[in-house]
Amino acid sequence: MTGEFQLIREFFMASEWPPHVLLGVGDDGALLQTDATQALVVVTDTSLANRHFPAAANPFDIGYRALAVNLSDIAAMGARPKWMLLNLTLPDVDRNWLRSFSAGLHTLAKEHDVSLVGGDTTRGELAITITVIGEVTKSNALLRSGARVGDQIAVTGELGLAAAALKLWRAQQAIPDELHRAWLRPHAQLQAGQLLGGIASAAIDISDGLAADLGHLLRASDVGAHLDMDVLPVNPLLAEYFPGEENKLMLGGDDYQLCFTFAATHREDIARRLAEAGIGFSVCGEIRGTSAGYLVTMNGQLQDGFSLAGFDHFGEVNEG
Ligand code: ADP
Ligand code: MG
């Protein structure tokens, strides 16, 4: 267990919740019962300047991305987003910056009919915290904890594009549009999440990286797995810019694709639903018992999945 999650467990994890809290801390969002069949899904994510995005990035992208990463957690729960709160910390009042930032935020909000219903505004280093509230039919909610031995593992879209853009940005090199968009205008997989609700056995969105986030799903489901990185499609730009580092980038995080599991009997149904919606996905592994551990095939070699670490804000708490 890495530092960030250790802190949450130590200081912020309740031992029990009242019955209307169907799911508290530990999944992509909380699941709160509102009536017999429906539940609210509540997610929140903070975006910090120079940690999650460059402070000098286009403010339109900053606003867009801050909402997109929250919508990604809503997607991972199989829910529909409805309302949001915006907590904004600004170093100063720059109306041009705010005009562009709010345009980015509102553009994405409008696309998904999400209403901004509140928030808070303070002065300090640039930080954006968004909370999104969505709805889901209880029986269609996608949890991290539903994977069963024998289930298939799949992932939507392509991985590694955002990590490649970040690497180019750090090296102060020009970033191709496709990589730049994946990094600062991620597309939350809301439609995929809603189509998978009630069919997939478990899901998580990929923010920390596929190996790390699948690891979270395995822990929540108390199962092991074999993940085969070698069957995943590799975007040609990864091979062009970083030959030999494709796999590393594909585990790098910030992809905001969905990793999900499903019983093999649902494979055709899932393939048909996603194909009809034009959503690409790849089957890339199988759920096994805990005794099998978490194994990842990469470049033909087997590795331990739990040691292929993703991003942890407080990793040094453990490592130091
Ligand atoms: P995600 O990457 O899906 O946004 P995180 O890794 O940030 O999820 O968080 C894991 C879980 O811990 C989530 O259920 C989140 O709501 C919860 N969590 C994170 N920080 C806190 C905190 N300070 N207090 C309570 N719960 C927290
Ligand atoms: Mg998530």
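Throughout the sequence shown, residue numbering follows our numbering, covering 1 to 320 in sequence. All residues carry an ideal CB built from backbone N, CA and C; glycine is no exception.
- Buried or exposed by the 16-neighbour rule on C-beta atoms within 10 Å, applied to Gly300: Counting every other CB atom within 10 Å of its CB across the protein chains shown gives Gly300 a total below 16, marking it as exposed.
- Return yes when the C-beta of Phe242 is under 8 Å from any heavy atom of the ligand ADP, and no when it is not. It does not: the Cβ of Phe242 is nowhere closer than 8 Å to a heavy atom of the ligand ADP.
- Which residues in the same chain as Met1 place their Cβ atom closer than 7 Å to its Cβ, once the five residues preceding and following it in sequence are excluded? Residue confidence is low: Met1 scores 47 on pLDDT, short of 50, so the model does not pin down where it sits. Its coordinate-derived value is still stated next. Cβ within range, chain order: n/a, list empty.
- Message: For a minimum of 3 consecutive residues, which ranges assigned as the beta strand (DSSP E) are wholly contained in the stretch 63–115?
- Response: 80–90
- Alpha carbon to alpha carbon, what distance is there between Arg95 and Ser201? 46 Å
- Query: According to DSSP, is Ser139 helix, strand or coil?
  - Reply: helix
- Item | Nonlocal neighbours in the same chain, by C-beta distance under 8 Å from Cys284, ignoring five residues either side | If we look at Cys284 and ignore the five residues flanking it on each side, its Cβ neighbours are Ile153, Ala154, Val155, Leu227, Asp228, Met229, Val231, Leu232.
- Message: Quick check: Ser115 and Phe60, are their CB atoms within less than 9 Å of each other?
- Response: Against a cut-off of 9 Å, the Cβ pair of Phe60 and Ser115 comes out as no contact.
- Message: For a quick check, are the C-beta atoms of Leu71 and Val132 less than 9 Å apart?
- Response: In contact: Leu71 and Val132 (Cβ atoms closer than 9 Å).
- Task: Keeping to the same chain, check which residues put their C-beta closer than 7 Å to that of Ala276; ignore five residues upstream and five downstream.
- Result: The amino acid at residue 276 is misidentified as Ala; the sequence shows Glu. Here the set comprises nothing.
- Please state whether DSSP places Leu326 in a helix, a strand or coil. This structure does not reach residue 326, given that the chain is present from 1 up to 320, and the question cannot be answered.
- Message: Let's test the definition: count the other Cβ atoms within 10 Å of the Cβ of Val317 and tell me whether it reaches 16, buried, or not, exposed.
- Response: For Val317, the predicted model reports a pLDDT of 35, less than 50, meaning its position is unreliable and no value from the coordinates is stated.
- Message: the ligand MG and Ala76: does any heavy atom of the ligand fall closer than 8 Å to the residue's C-beta?
- Response: Because some heavy atom of the ligand MG lies under 8 Å away, the Cβ of Ala76 counts as near it: yes.
- Quick one: is the Cβ of Ala202 within less than 8 Å of any heavy atom of the ligand ADP? no
- Message: Applying the 10 Å Cβ sphere with the 16-neighbour rule, what's the burial state of Phe12?
- Response: Flag for Phe12 reads exposed.
- Endpoints, alpha helix (DSSP H) assigned at Asp213: Its alpha helix (DSSP H) spans residues 210–221.
- Item | Identity of the residue in Asp177, Leu143, Arg267, Tyr256 nearest Met221 by Cα | Note that residue 221 corresponds to Ser in the displayed sequence, not to Met. Nearest to Ser221 by C-alpha distance, out of Asp177, Leu143, Arg267, Tyr256, is Leu143.
- Query: Quick one: Cα of Arg80 to Cα of Gly134, how far?
  - Reply: 5 Å
- Message: Using a Cβ-Cβ cutoff of less than 6 Å, which residues in the same chain neighbour Gly124 once the five nearest sequence positions on both sides are dropped?
- Response: Thr89
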